[in-house]
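Numbering (this note's numbering), first residue to last: 99 to 501.
Think of the CB as a built atom: it goes at the ideal place given N, C-alpha and C, for glycine as much as any other residue.
The structure presented is a predicted model; accordingly, all values stated were derived computationally and were not measured.
Inspection log for the structure reproduced underneath, given as structure tokens.
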Amino acid sequence: MDPSGMANLSIRQSKPPVKKRPAKLFHKKSRTGCQRCRARRVKCDEAKPICSNCTRLELDCVYDRAKSPSSQASDGSTRPFLSDDKIVDPPESAERRKLEHRLFYQYITDTGPSTSMDDIAYGFWVTSLCKRALTSDSILYAMFMVVSLHNEHRSKYTDKEAAETCRTYLNMALREHHKDIETMSPENVDSVCLVSSMLRLYGFVKIQQRVLDPYVPPINWLRISGSSTAVYRKAWDLIKNKPDSVAFKMIGAVSDFLGDNKNEELRRDLMHLMRREEPHELEESWDSEIEAAYGGALSFIGGIWKAMNERQPAATVGRRVVVFPMMVHKRYVDLVEEQRPRALVILANYFALLAMLRSFWWIGDSGPRELQAIIEVVPEEWQGSLRWPKQVLEEQVVFADDD
Numbered sequence: 099m100d101p102s103g104m105a106n107l108s109i110r111q112s113k114p115p116v117k118k119r120p121a122k123l124f125h126k127k128s129r130t131g132c133q134r135c136r137a138r139r140v141k142c143d144e145a146k147p148i149c150s151n152c153t154r155l156e157l158d159c160v161y162d163r164a165k166s167p168s169s170q171a172s173d174g175s176t177r178p179f180l181s182d183d184k185i186v187d188p189p190e191s192a193e194r195r196k197l198e199h200r201l202f203y204q205y206i207t208d209t210g211p212s213t214s215m216d217d218i219a220y221g222f223w224v225t226s227l228c229k230r231a232l233t234s235d236s237i238l239y240a241m242f243m244v245v246s247l248h249n250e251h252r253s254k255y256t257d258k259e260a261a262e263t264c265r266t267y268l269n270m271a272l273r274e275h276h277k278d279i280e281t282m283s284p285e286n287v288d289s290v291c292l293v294s295s296m297l298r299l300y301g302f303v304k305i306q307q308r309v310l311d312p313y314v315p316p317i318n319w320l321r322i323s324g325s326s327t328a329v330y331r332k333a334w335d336l337i338k339n340k341p342d343s344v345a346f347k348m349i350g351a352v353s354d355f356l357g358d359n360k361n362e363e364l365r366r367d368l369m370h371l372m373r374r375e376e377p378h379e380l381e382e383s384w385d386s387e388i389e390a391a392y393g394g395a396l397s398f399i400g401g402i403w404k405a406m407n408e409r410q411p412a413a414t415v416g417r418r419v420v421v422f423p424m425m426v427h428k429r430y431v432d433l434v435e436e437q438r439p440r441a442l443v444i445l446a447n448y449f450a451l452l453a454m455l456r457s458f459w460w461i462g463d464s465g466p467r468e469l470q471a472i473i474e475v476v477p478e479e480w481q482g483s484l485r486w487p488k489q490v491l492e493e494q495v496v497f498a499d500d501d
């Protein structure tokens, strides 16, 4: 990517804000995972709504066994969307009704509009969502979760009551969302897609506060975002002939760039990140699948960069950035998990673009934080490939619409 291209952007300055390859452990038998993983006798990471194995193999993912309390306690991994059985629905009471009325009002007047990048997004995030929340528990609970998350974010994560409310309604939303996915039909497909989008927003907010030392790439975030792809694929089969449905319009809003990862022209200015000439570039494993995984990620990043240089609206650029984790090849996520230097360098380029959109509260400073952390762990011989991301970080570039 040519850093000189930033001269073509209308920008403003914002003052405030080789590792050993780990062994794979997928051979362990799963007793509490999804049906598919148990049948195949492989380790299930139990990501919800679709585990990583089923996401990679594009299989239906069904959970029919609950974790025992002891197994939950022994599981040290962090899965932001994994329901906690200890959290129960708050009892019906005047206090709960008043709380939910306040949350609903705040969503309509404040949080909903603040998550909307433009009028198209407003139609989904406010108009359609609020209407359907009156008949869908999954949407209603997800709405309350997002408002509580917004309040928690505003308090710089010091508001414990907002955090607890967010956790409670997240689990209630997940429970209803899983039911909807298992019985997905033309009647509830809009709810499924709207809630999936709200869960992805939750993921973007949560990576803003994750611990980065020692650095471990945000694999759960990448895989959970990627699992949405299977949900939308199934949804499309149900509504492809229903242009008036919300799900049809949501998918249509991003349809123009869903094929970017296969467009080799878009990666032309990033081909130096595919180079295999120097000793450190030649020593890594390489095959056609790895090449396709890296190339696809770079094409999508190139599409985002092209949209910025063409001065497309910030909302359009933002949509491209948001769907990146959904569109990258599953093999690429595996390479990131293995902390391959080339995979991390490519991810750094993505987070540089995300950093330029930090004016959206739900994106915040996750881009600069992740980018700085990657720079610190990438081996010295790969640092030259981080020239442009470093420039974005140093100059604190922010992409915004022209006034």
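Is LEU356 closer than 9 Å to MET425 when the C-beta atoms are compared?
-> yes
Excluding five sequence neighbours on each side, which residues of the same chain lie with their C-beta closer than 7 Å to the C-beta of ARG438?
-> GLU382
Expected contact under 8 Å - CB spacing of LEU299 and VAL244 to nearest Å = 6 Å
Is PHE346 helix, strand or coil by DSSP?
-> helix
Using CA coordinates, which residue listed in GLY465, GLN470, MET372 and GLY482 is at the minimum distance from VAL496?
-> GLY465
When the Cα atoms are used, what is the spatial distance from VAL490 to ILE444?
-> 14 Å
Measuring CB to CB, does ARG139 end up less than 9 Å from CYS149?
-> no
With 9 Å set as the bound, which would you pick, yes or no: does the beta-carbon of SER283 sit closer than that to a beta-carbon of chain C?
-> In the structure shown, chain C does not exist; there is a single protein chain.
On the three-pair Cβ rule with 8 Å, is the segment 359-376 touching the segment 392-412?
-> yes
For the alpha helix (DSSP H) that contains PHE449, what are its first and last residues?
-> 439-453
Using a Cβ-Cβ cut-off of 8 Å (strictly less than) and excluding sequence neighbours within five positions of LEU371, which residues of its own chain qualify?
-> TYR392, LEU396, ARG440, VAL443, ILE444, ASN447 and SER483
Could you work out which residue in PRO284, ARG409 and HIS248 is closest to THR207 when comparing CA atoms only?
-> HIS248
For PHE497, which of helix, strand or coil comes out of DSSP?
-> strand
Length of the line joining the Cα atoms of SER168 and CYS228 | Per-residue confidence for SER168 stands at a pLDDT of 37, beneath the threshold of 50, marking its modelled position as unreliable; the derived number appears in the next sentence. Going from the Cα of SER168 to the Cα of CYS228 covers about 39 Å.
For THR207, does the three-state DSSP call read helix, strand or coil?
-> helix
Under the three-state reduction of DSSP, which class applies to GLY324: helix, strand or coil?
-> helix
By how many angstroms is the C-alpha of LYS196 removed from the C-alpha of VAL241?
-> Correcting the residue identity first, residue 241 is Met in this sequence and not Val. Approximately 15 Å between the Cα atoms of the pair.
Residue range of the unbroken alpha helix (DSSP H) whose run includes GLY301 = 287-304
What does a CB cutoff of less than 6 Å around ASN151 pick up in its chain, not counting 5 residues either side in sequence?
-> CYS135
Helix, strand or coil for MET369, going by three-state DSSP, please let me know.
-> helix
Who are the Cβ neighbours of SER175 in its own chain at under 7 Å, not counting the five residues just before and after it?
-> For SER175, the pLDDT reaches just 30, beneath the cut-off of 50, and the residue's location in the model is therefore unreliable, leaving the point undetermined.
Since ARG383 is in the alpha helix (DSSP H), which residue starts that stretch and which ends it?
-> Rather than Arg, the amino acid found at residue 383 in this sequence is Ser. No alpha helix (DSSP H) contains SER383, which DSSP labels as neither H nor E.
Determine the burial state of LYS404: buried for a count of at least 16 other Cβ atoms within 10 Å of its Cβ, exposed for fewer.
-> buried
Close beta carbons around GLY416, own chain, < 6 Å, minus the five adjacent residues each side | MET215 and LEU455
When you compare only the Cα positions, how much space is there between PRO341 and LEU238?
-> 24 Å
Starting from THR130 and walking both ways along the alpha helix (DSSP H), at which residues does that stretch end?
-> Segment: none, THR130 is in no alpha helix (DSSP H) and carries neither H nor E.
LEU364, enclosing alpha helix (DSSP H) - first and last residue | No alpha helix (DSSP H) holds LEU364; DSSP gives it neither H nor E.
Since I believe ASP288 is in contact with ALA345 (beta carbons under 8 Å), could you give me their beta-carbon distance rounded to a whole number of angstroms?
-> 5 Å
Backbone CA spacing between LYS360 and LYS428 [nearest angstrom] = 14 Å
Out of SER246, GLY221 and SER236, point me to the one whose CA is closest to GLN204's CA.
-> SER246
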